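Read in UniProt numbering, the sequence shown has 251 at position 251, and its numbers run on one by one without any break. Yeah, the Cβ is synthetic: ideal placement off N, Cα and C, and Gly gets one too. Keep in mind that this is a model prediction, so the values were computed, not measured.
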Amino acid sequence: MVALKAVSLALAAISYIVLILTMMCKRNPQIGFIVTILGWLTAGVLLFILIGVTLRRHPTVQPRESLKYTQGYFYGIIAASLYIFIAVLLSAYTATLRLVSLSRQDRRTVEYTSIILRTITFIAVLTGGAGVYSAIEGWSFMDALYFTDYTVLTIGIGNIVPKTHLGRSLLFPYATVGIITLGLVVNSIRSFGKSIRRMKLRLELQEARSELLKGKNSTRPVHDENRDSITLSSILSTATLPQTSDVAELQRIRSDFNRRVQVQALLFFILAWFVLWLLSAAVFRRSERSEGWTYFIALYFTYTSLTTIGYGDFYPTSNFGKVFFVFWSLLAIPVLTNLVTAMGDIGVRTAVYFAGYILTLGKSRIKRRSEKSGSDPESRSNCRDIEKHAELSSKLSKRSMDLSTIPTTTTFAANDLQLSQSVNEPGQYVLLLAEEISKLVTALMDGASEQDPRRDWPWVLSLLNSHNGEASGSVVPVYPGIMNHSTLHASDGLISEEKAAMERNNETLLMIKLLTEKLCADLRKTEANAP
């Protein structure tokens with residue numbers, strides 16, 4: 001039995017290594033995933049065989065008694081279940097690879113190796129500390145693992161504590177390293193969730209843009225392999241310029257997506273929190289029946305542990321209770337952290353919304369009072385100041401409602417403010433146009449730059465649509481690729497790097513051409529109006 005357990009552990013370790021290498025190399029993922037799946041399934045089956053042998057040799061205890069198997073026995077059940085569960089999930093993902101063609105960037109997003117590496121590091125810190133404290137304090141390895149778990153997770157139950165001077169001295173560096181490692185794992189989980197949401201938003205925006213372009217009859221020039229490039233005249237004559245209404249529709253989709261994701265995350269983590277609290281209390285009541293625990297006591301213990309309060313007046317004493325506590329706490333603490341984060345996001349969003357609503361309501365009331373009070377200069381001045389503050393708060397609340405996790409290289413808030421202040425001054429407005437043209441020319445000359453000029457399409461549209469001294473309003477930046485007019489190859493679904501660079505340069509030239517025409521038109525208008 002010891003030899004079979006060693007074989008199972010070795011297969012699981014090899015499967016982890018193969019999985020990490022497969023995700024890193026990005027070539028022939030199906031083969032690596034199949035090897036990982038077979039390794040985990042074999043490891044799980046071996047452990048379940050040993051569990052069945054143990055059950056036959058040691059019949060179950062009486063119904064009124066607590067479970068009396070060793071902690072290693074229960075850890076074996078949990079490990080075998082996780083091996084098979086993860087193998088099933090990986091099998092489903094491997095099957096979808098043949099049905100859905102993912103780009104290399106999307107694969108990097110889904111196959112987030114940082115979580116695996118940081119989790120392995122955290123488990124190494126947990127088990128390594130258990131081995132050290134087992135040797136120093138004379139505890140069993142399982143009890144030492146129980147101690148390191150509630151120490152690193154900052155629960156601090158305290159029924160098992162170091163009593164030697166060496167053990168207490170090692171607690172300072174060990175707890176520090178363990179807590180930092182735990183923070184890295186939680187941060188990696190959050191980053192993975194943000195990356196998945198960002199990818200889903202990009203796919204939704206791409207689908208929406210395809211729908212918007214269906215009704216347009218313009219065509220792109222066909223690339224001729226015998227020619228090195230497409231002429232600029234053909235590009236400008238056949239290119240489809242995104243309209244302001246298209247940008248507004250994409251803005252609405254992004255805003256709805258962000259709002260929906262925040263609400264879904266909050267509901268999911270609230271549900272997970274209550275499941276971990278209420279159902280785990282029933283498990284602890286069963287495992288600690290010999291200690292006289294009621295369901296209320298179990299609820300009290302799980303709540304103080306779940307919130308990391310850890311009074312220590314109640315704690316599990318049975319083998320199953322200790323094992324379940326370790327497994328349960330490793331799930332509970334990340335769930336609580338993400339729940340607090342989701343509640344904070346919703347809280348900030350709600351507070352900003354109501355603040356904007358209250359200030360807008362105050363603005364309307366003060367305006368009515370000023371109309372009734374007559375033409376007092378000081379009263380009108382105060383009203384104008386309050387109106388400015390209310391208008392600024394309203395703009396900020398709208399931007400907070402439309403926050404996007406997609407990065408951009410242009411500060412659109414500053415640009416919008418600059419535009420709104422400059423449209424009434426012809427000289428300043430012409431200067432804005434000239435500066436934008438200069439920036440685009442620089443980006444076009446620096447072809448190796450990672451900055452995509454197509455990020456500036458909304459700002460360019462704002463400049464182009466500013467007429468008669470009125471700005472077109474704030475436009476939310478669009479992720480590069482949403483305003484991209486390239487087509488996908490039917491064979492592999494991926495855009496070659498050369499065509500992607502050509503499309504980027506083509507759209508940059510189109511922006512330069514439109515801005516130049518706008519600049520020339522404004523200069524002619526200024527010259528015609530000159531005395």
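Residue i, buried or exposed, once every other Cβ within 10 Å from all chains shown has been counted against 16
i: Gly72; result: exposed
i: Phe274; result: exposed
i: Pro173; result: exposed
i: Ala490; result: Bear in mind that the predicted position of Ala490 carries a pLDDT of just 38, short of 50, making it unreliable; the figure below should be weighed with that in mind. Per the 10 Å Cβ criterion, exposed.
i: Asp313; result: exposed
i: Lys363; result: buried
i: Ile358; result: exposed
i: Val323; result: buried
i: Glu517; result: exposed
i: Ile31; result: exposed
i: Glu527; result: exposed
i: Asn52; result: First, the residue type needs correcting, since residue 52 is Gly and not Asn in the sequence shown. Per the 10 Å Cβ criterion, exposed.
i: Arg209; result: buried
i: Ile189; result: buried
i: Asn529; result: exposed
i: Tyr311; result: exposed
i: Thr164; result: exposed
i: His135; result: A small fix is needed here, since residue 135 is Ala in this sequence, not His. Exposed: under 16 other Cβ atoms inside 10 Å.
i: Val326; result: buried
i: Thr238; result: Residue confidence for Thr238 is low, a pLDDT of 48 falling below 50, so the modelled location carries little weight; the figure read from the coordinates is stated next. Looking at its Cβ environment, which holds fewer than 16 other Cβ atoms inside 10 Å, Thr238 is exposed.
Distance between residue j and residue i (C-alpha atoms, nearest Å)
i: Phe33; j: Leu90; result: 7 Å
i: Met199; j: Thr109; result: 8 Å
i: Thr96; j: Ile346; result: 34 Å
i: Ala92; j: Phe296; result: 40 Å
i: Ala332; j: Val132; result: 26 Å
i: Glu291; j: Met142; result: 20 Å
i: Leu444; j: Leu41; result: 53 Å
i: Lys525; j: Leu212; result: 34 Å
i: Cys520; j: Arg504; result: 24 Å
i: Tyr315; j: Gln206; result: 53 Å
i: Thr360; j: Asn258; result: 24 Å
i: Ser420; j: Phe354; result: Residue placement at Ser420 is flagged as unreliable, the pLDDT there being 47, under the threshold of 50; a coordinate-derived value is accordingly withheld.
i: Ile86; j: Glu435; result: 54 Å
i: Ser101; j: Val161; result: 53 Å
i: Ser120; j: Ala265; result: Before going on, a small fix: residue 120 reads as Ile here, not Ser. For Ile120 and Ala265, the distance between alpha carbons rounds to 26 Å.
i: Arg197; j: Val348; result: 20 Å
i: Ile309; j: Thr154; result: 8 Å
i: Thr148; j: Thr304; result: 18 Å
i: Arg369; j: Gly356; result: 20 Å
i: Glu372; j: Arg365; result: It is Lys, not Glu, that sits at residue 372 in the sequence shown. Spanning the two alpha carbons is a distance of roughly 11 Å.
i: Tyr112; j: Arg118; result: 11 Å
i: Asp106; j: Met502; result: 22 Å
i: Thr409; j: Asn506; result: Summary for Thr409: the model assigns pLDDT 37, below 50, so the residue's position carries little reliability, and this model does not support an answer.
Pick from the options that is closest to residue i, judged by C-alpha positions
i: Ser15; options: Phe327, Ile116, Gly52; result: Ile116
i: Val460; options: Arg504, Ile512, Met502, Gln262; result: Ile512
i: Leu299; options: Leu361, Arg285, Thr164; result: Arg285
i: Val125; options: Ala528, Leu182, Arg369; result: Leu182
i: Gly156; options: Lys194, His165, Tyr146, Lys163; result: Tyr146
i: Leu271; options: Leu510, Ala342, Glu507, Gly129; result: Ala342
i: Leu4; options: Phe48, Arg190, Arg168; result: Phe48
i: Gly178; options: Phe122, Thr164, Gly344; result: Phe122
i: Gly344; options: Glu288, Gln262, Thr508; result: Gln262
i: Ser81; options: Ala135, Ser8, Ala501; result: Ser8
i: Ile78; options: Ser103, Trp328, Thr442; result: Trp328
i: Ser103; options: Ala175, Val186, Thr151, Arg27; result: Arg27
i: Gly76; options: Lys367, Ile366, Ala6; result: Ala6
i: Leu267; options: Leu336, Met23, Leu46, Tyr150; result: Leu336
i: Leu306; options: Ala281, Ala130, Ser318; result: Ala281
i: Gly167; options: Leu431, Leu203, Ala130; result: Ala130
i: Val185; options: Trp293, Ser114, Leu250, Glu249; result: Ser114
i: Ser438; options: Glu507, Leu515, Leu464; result: Leu515
i: Leu250; options: Trp277, Phe320, Ile180, Leu201; result: Leu201
i: Leu11; options: Glu137, Pro334, Tyr83, Asn187; result: Tyr83
i: Leu330; options: Tyr150, Gly44, Ile37; result: Tyr150
Opening and closing residue of the alpha helix (DSSP H) in which residue i lies
i: Tyr133; result: 113-137
i: Tyr146; result: 141-152
i: Leu19; result: 2-25
i: Ile86; result: 71-99
i: Ile51; result: 29-57
i: Thr109; result: 104-110
Min CB distance residue i to chain D below 8 Å
i: Leu432; result: Protein chains in the displayed structure number just one, and chain D is not present.
What ranges does the alpha helix (DSSP H) occupy inside the segment 260-340, keeping only unbroken runs of at least 4 residues that lie completely in it? 295-306
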